[in-house]
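Chemist:
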Amino acid sequence: MKILQLTNKLPFPPKDGGALATLNMTEGFLHYRHEVTMLAMNTSKHFYDPGQIKSEIKESINLIAIPVNTDVSLFAALKNLLISSIPYNIERFKTKNYEQALVKLLTKNKYDIIQLEGLSLVSYIPAIRKFSESNLILRAHNVEHQLWDSISSGSKPGIKKLYFKILSGRLQRFESECLNKIDALIPITEKDKTVFLKMGCKKPLFVAPAGITPEESPDTTNNNIIFPSLFFIGALDWIPNRDGLLWFIENVWPDIVTKHPVIKFFIAGRNAPGYFCKMLRKQGIIFKGEVKNADNFTKDKAIMVVPLFSGSGIRVKILKSMSQGKVVISTPMGTEGIGAKHGKHIFHARSPEEFKKIIDDIIGNKSLFEKIGKSARKFVYENFNNLAITKDLLSFYNSLQA
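To convert a position in the sequence shown, counted from 1, into our numbering, add 1348.
1. If you follow the alpha helix (DSSP H) that residue 1391 is part of, which residue opens it and which one closes it?
2. Mind reading off the beta-carbon distance from residue 1555 to residue 1541? Whole number of angstroms is fine, and I expect it under 8 Å.
3. With DSSP as the reference, please indicate the residues paired to residue 1696 in a beta bridge.
4. Assuming residue 1562 contacts residue 1733 under a Cβ cut-off of 8 Å, what Cβ separation, rounded to an integer in Å, is found between them?
5. Since I believe residue 1527 is in contact with residue 1548 (beta carbons under 8 Å), could you give me their beta-carbon distance rounded to a whole number of angstroms?
6. Name, in chain order, the residues that DSSP records as bridge partners for residue 1742.
7. Please classify residue 1579: does DSSP put it in a helix, a strand, or coil?
8. So who's on the other strand from residue 1367, going by DSSP bridges?
9. Please tell me whether residue 1655 and residue 1679 are closer than 7 Å, where the distance is taken between their beta carbons.
10. Given this structure, state the Cα-to-Cα distance separating residue 1356 from residue 1389, to the nearest angstrom.
11. So, residue 1575 versus residue 1697, is the Cβ gap smaller than 7 Å?
12. Would you call the region 1391-1403 and the region 1666-1681 touching, i.e. three or more CB-CB distances under 8 Å?
13. Using only the alpha-carbon positions, how far apart do residue 1596 and residue 1447 sit?
14. Just checking my contact of residue 1617 with residue 1583 at CB under 8 Å: how many whole Å lie between their CB atoms?
15. Threshold first: 3 residues or longer. Then list the beta strand (DSSP E) segments lying entirely within the region 1599-1650, N to C.
16. Whose C-beta lies closer than 7 Å to the C-beta of residue 1692 among residues of the same chain, with five residues either side of it excluded?
17. What's the gap between the Cα of residue 1495 and the Cα of residue 1502?
18. State yes or no: is the C-beta of residue 1440 within less than 7 Å of the C-beta of residue 1465?
19. I'd like to check one pair, residue 1382 with residue 1351: are the Cβ atoms closer than 7 Å?
20. Assuming contact is defined by CB atoms lying nearer than 7 Å, are residue 1580 and residue 1615 in contact in what I supplied?
21. What residues are listed by DSSP as bridge partners for residue 1412?
22. Pop quiz: residue 1739 and residue 1380 are said to be a contact at Cβ under 8 Å. What is the actual Cβ separation, rounded to whole angstroms?
23. Taking DSSP's pairing of strands, which residues face residue 1653 in a bridge?
24. Using CA atoms only, rank isn't needed, just tell me which of 1415, 1602, 1366, 1360 is closest to residue 1666.
25. What residue range does the beta strand (DSSP E) around residue 1672 cover?
26. Cutting at 6 Å between CB atoms, please list the residues of its own chain near residue 1717, excluding the five before and the five after it.
27. Am I right that residue 1462 and residue 1484 are in contact with their C-beta atoms under 8 Å? What's the rounded C-beta distance?
28. Which whole-angstrom value describes the C-beta separation of residue 1471 and residue 1514, a residue pair presumed to lie in contact below a C-beta threshold of 8 Å?
29. I'd like to know whether the C-beta atoms of residue 1613 and residue 1587 end up nearer to each other than 7 Å.
30. Keeping to the same chain, check which residues put their C-beta closer than 7 Å to that of residue 1730; ignore five residues upstream and five downstream.
31. Could you work out which residue in 1414, 1490, 1360, 1744 is closest to residue 1553 when comparing CA atoms only?
32. Can you tell me where the alpha helix (DSSP H) with residue 1499 in it begins and where it stops?
33. Would you mind stating whether residue 1664 and residue 1368 have Cβ atoms separated by less than 7 Å?
34. Tell me which residues share the same chain as residue 1378 and place their Cβ nearer than 8 Å to its Cβ, disregarding the 5 neighbours each side in the sequence.
35. Out of 1511, 1453, 1609, 1477, which has the shortest C-alpha to C-alpha gap to residue 1493?
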């Protein structure tokens, strides 16, 4: 098949979960010898020189990167709220340059599948329908309106909380309207699928979770692990990551470092605001900022903490860490859609006390750390093998062609 992937950012290098999820599926398409074109927005926020990309995947696909500016503007957000029916989170990704490049591709090529990587690409549906008869697929990385509703719920009373609530409502209406303008919907979790069905989706649905390629996730438990150590990795310009990490630092970390003075907490993440960086200057915390290679950052660390209280979809970096034999301690929301069992593959914690007790238990019992790490690695390989997931998805795509 000829497959066109549309993305709202250049997923090279794969530094975040969305980029990993996109590229892993691309890798699966290539493994099964399908022809892939990727039309990517090269945003000013995540700009990367395509000529500097060193990747076998990049060399195997037709990659077209279009420079666009999707920066958030307070004036534009206010204007959108007053006069536009399209949510600002969608409108700011609608650009003339990208649409022209898309139309050019559609007029010169015939594709079997056009896959939109996320809701922010649906504003291009009219252009796609005008110039193509291809099967149009929306891969829903999240249920967007639920994500922003949970962000609103976790925000302090004020203008920002009100804006997020309004945005959530607008996104819900927009999402519902879009669900039946496509030919098929690919949620990442069964829970998301249930939500989309309740929202009125009548199109074919197929759950395809983000997968992990075993060969690219070596077991790191035999390396020189810093034990005990905690680590966090995630974009710090993303509100749920920032709020969750701050909650952990304020409510969990002080007691941990007091009880275990030698322990270190390693943090990696891009675009941390200046005020936030100052809040990370605490005993035992080592802030690395943005790291070039996530695997190099995590390979000698022991325990991943995921204090996430909003969002949907699958946290690819949790799967990545589990596949490397790390022990993950997460809020239940952080592991939604993964299906790992508490105390067997992963640990769930809902409160500061639960986080502290689990961390203490692991620090005091290294054999428990090793046991859970091995179990986590086995679980991911049995349930989230990228090639197996992509093979099933391609069978679904073939059924659409019939």
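Cβ atoms here follow ideal geometry from the backbone N, Cα and C, with glycine treated the same way.
Modeler: By the coordinates alone:
1. Residue 1391 -> not in any alpha helix (DSSP H); beta strand (DSSP E) instead, spanning 1383-1391.
2. 5 Å
3. In DSSP, residue 1696 forms a bridge with 1678.
4. 7 Å
5. 6 Å
6. Partner(s): none; residue 1742 has no beta bridge.
7. strand
8. Paired residues: none, contrary to the question.
9. yes
10. 5 Å
11. no
12. Verdict: no, contact absent.
13. 42 Å
14. 6 Å
15. 1612-1616, 1633-1637
16. 1723
17. 11 Å
18. no
19. For residue 1351 and residue 1382, yes; Cβs fall inside 7 Å.
20. yes
21. 1387
22. 7 Å
23. According to DSSP, which records beta bridges pairwise, residue 1653 is partnered with 1677.
24. 1366
25. First-last for residue 1672: undefined, no H or E at that position.
26. Around residue 1717: 1675, 1710.
27. Rounded to whole angstroms, the Cβ separation of residue 1462 and residue 1484 is 5 Å, and the two are in contact under 8 Å.
28. Going by Cβ atoms, the distance from residue 1471 to residue 1514 rounds to 19 Å, so no, they are not a contact pair.
29. no
30. none
31. Of 1414, 1490, 1360, 1744, the residue nearest in Cα terms is 1744.
32. 1492-1501
33. yes
34. Only 1384, 1405, 1408, 1409 meet the Cβ criterion.
35. 1511
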